[in-house]
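Trainee: To start, I am sharing the structure in question, which I have written as structure tokens.
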Amino acid sequence: MRPVRRGRSPRPNDFEPYPDAKPALISRLGGYCSYCERRIATNLAVEHIQPKNLPAYIHLEGRWENFLLGCVNCNSTKSDKDVLLDHILLPDRDNTFLAFTYSPDGTVSPSAAAARHGITRQAEDTLALTGLDKRISAVFDENGKRVSIDRVSQRLEVWAVAEEASADLSNQPDNKDIRRIIVQAALGYGFFSIWMTIFKDDSDMRNRLIDAFPGTRESGCFDPADVRPVSPAPNPDDLAGGGKI
Ligand SMILES: [Zn+2]
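The sequence shown lines up with residues 33 to 277 when you count with the working numbering.
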């Protein structure tokens, strides 16, 4: 899950109505679901971390610090479930890149680093909250070809694209044009963590990806020198419950 920094609110008061925050959020975070990392060209929604429909959080309906961006799948799974900030890992305040492992079979799971930090439970709860732990639902077209409709199959698809890109680059590692085009492909598909995993041994590619996706360099979650994840997250805006990893 890509770490991001939302930064200070562009408005002195709450957003009313709250969807007005969407352009500023896309500008700061990019047009990606904050949870599943997919690029969402249309219907990306302003997502309330603590649900606006629960009485305890009604006052947060227009509050900038309570906003992320969510796709319809993550939003509808998360729904109005209560979110206690100490119990969930959040990409705007924790190093959520470090907390999860992305695997070639399209699954996402709590990482070994999460276990070392004693937050495996929070990592599992985060995946369950947004449905990122759901199994693949195999759908085939009339010719028997698999159709990627769910988030697991889309991760599988992008994993294959990223591996092919890595193979192309390994033939011409000094070709800066290939590097630039791979970053453009990553921006087009989304799934930052998959690209970062495929290019885990290529610090130049990792730095390019961190710089290209809006809000991620600003999160301070990656060391600019060695590109390693910084933990705990610096949480520069001092958001509640942040820095759990
Ligand atoms: Zn999503």
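C-beta atoms are modelled at their ideal positions from N, C-alpha and C, and glycine is treated no differently.
Consult DSSP for ARG153 and reduce its assignment to one of helix, strand or coil.
Mentor: To locate residue 153, count along the sequence shown from 1; it is residue 121. Helix at ARG153.
Trainee: Does the distance between the C-beta of TYR67 and the nearest non-hydrogen atom of ligand 1 fall short of 8 Å?
Mentor: In the sequence shown, counting from the first residue as 1, residue 67 sits at position 35. Yes, the beta carbon of TYR67 sits closer than 8 Å to at least one heavy atom of ligand 1.
Trainee: Which residue comes first and which comes last in the beta strand (DSSP E) that contains TYR134?
Mentor: Within the sequence shown, numbered from 1, the residue matching residue 134 stands at position 102. Segment 132-134, the beta strand (DSSP E) holding TYR134.
Trainee: Can you list, in chain order, the stretches of the alpha helix (DSSP H) that have 4 or more residues and sit fully within the segment 57-131?
Mentor: Complete alpha helix (DSSP H) runs here, min 4: 104-110, 128-131.
Trainee: Check whether the segment 102-110 and the segment 121-137 touch, using three or more Cβ-Cβ pairs below 8 Å as the test.
Mentor: Taking 8 Å as the limit for Cβ pairs, the verdict is that the segment 121-137 does not touch the segment 102-110.
Trainee: Can GLY63 and LEU101 be called in contact, C-beta distance under 9 Å?
Mentor: Here the question's residue 63 lines up with position 31 in the sequence shown. Here the question's residue 101 lines up with position 69 in the sequence shown. Cβ distance < 9 Å, so GLY63 and LEU101 count as in contact.
Trainee: Go ahead and pull the three-state DSSP assignment for SER202.
Mentor: Your numbering for residue 202 matches position 170 in the sequence shown. Note: SER202 maps to helix in three-state DSSP.
Trainee: Just to confirm, does ASN105 get its C-beta within under 8 Å of one of the non-hydrogen atoms of ligand 1?
Mentor: The residue labelled residue 105 in the question sits at position 73 within the sequence shown. Yes, the Cβ of ASN105 comes within 8 Å of a heavy atom of ligand 1.
Trainee: Return yes when at least one heavy atom of ligand 1 lies under 8 Å from the C-beta of THR162, else no.
Mentor: Taking the first residue of the sequence shown as 1, we reach residue 162 at position 130. Correct: THR162 has its Cβ closer than 8 Å to ligand 1.
Trainee: Counting only the same chain and skipping the five closest in sequence on each side, list residues whose C-beta sits under 7 Å from that of TYR67.
Mentor: In the sequence shown, residue 67 corresponds to position 35, counting from 1. Excluding sequence neighbours, TYR67 sits near MET33, GLY102, CYS106, THR162, LEU164.
Trainee: Just to confirm, does GLY102 get its C-beta within under 8 Å of one of the non-hydrogen atoms of ligand 1?
Mentor: Residue numbering aside, residue 102 sits at position 70 when the sequence shown is read from its first letter. Yes, since a heavy atom of ligand 1 falls inside the 8 Å radius drawn around the Cβ of GLY102.
Trainee: Could you give the residue range of the beta strand (DSSP E) that holds VAL140?
Mentor: By 1-based counting over the sequence shown, the position of residue 140 is 108. It spans 140-142 - the beta strand (DSSP E) in which VAL140 sits, taken as one unbroken run.
Trainee: Relative to the C-alpha of ASP182, which residue among ARG70, SER59, ASP46 is closest?
Mentor: Position 150 of the sequence shown, counted from the start, is the residue given in the question as residue 182. Nearest of ARG70, SER59, ASP46 to ASP182, Cα basis: ARG70.
Trainee: For ARG70, is the beta carbon positioned less than 8 Å from some heavy atom of ligand 1?
Mentor: Reading the sequence shown from its first residue, position 38 is the one you call residue 70. Checking every heavy atom of ligand 1 against the Cβ of ARG70, one is found closer than 8 Å.
Trainee: Which residues in the same chain as PRO268 place their Cβ atom closer than 7 Å to its Cβ, once the five residues preceding and following it in sequence are excluded?
Mentor: By 1-based counting over the sequence shown, the position of residue 268 is 236. Taken in chain order, the residues that qualify are ARG37, GLY252.
Trainee: Can you say whether ILE226 is buried or exposed, counting buried as having 16 or more other CB atoms within 10 angstroms of its CB?
Mentor: One-based indexing of the sequence shown puts residue 226 at position 194. ILE226 comes out buried.
Trainee: Specify the secondary structure class of PHE47 as computed by DSSP and reduced to three states.
Mentor: The residue given as residue 47 occupies position 15 in the sequence shown. PHE47: coil per DSSP, three-state reduction.
Trainee: Exposed or buried, which one is LYS177 when buried takes at least 16 other CB atoms within 10 Å?
Mentor: Your numbering for residue 177 matches position 145 in the sequence shown. That one is exposed.
Trainee: According to DSSP, what are the bridge partners of PHE254?
Mentor: Position 222 of the sequence shown, counted from the start, is the residue given in the question as residue 254. Answer by DSSP bridge pairing, in chain order: PRO261.
Trainee: Using the Cα positions of VAL115 and ASP157, report the straight-line distance between them to the nearest angstrom.
Mentor: Taking the first residue of the sequence shown as 1, we reach residue 115 at position 83. Taking the first residue of the sequence shown as 1, we reach residue 157 at position 125. In a straight line, the C-alpha of VAL115 is about 10 Å away from that of ASP157.
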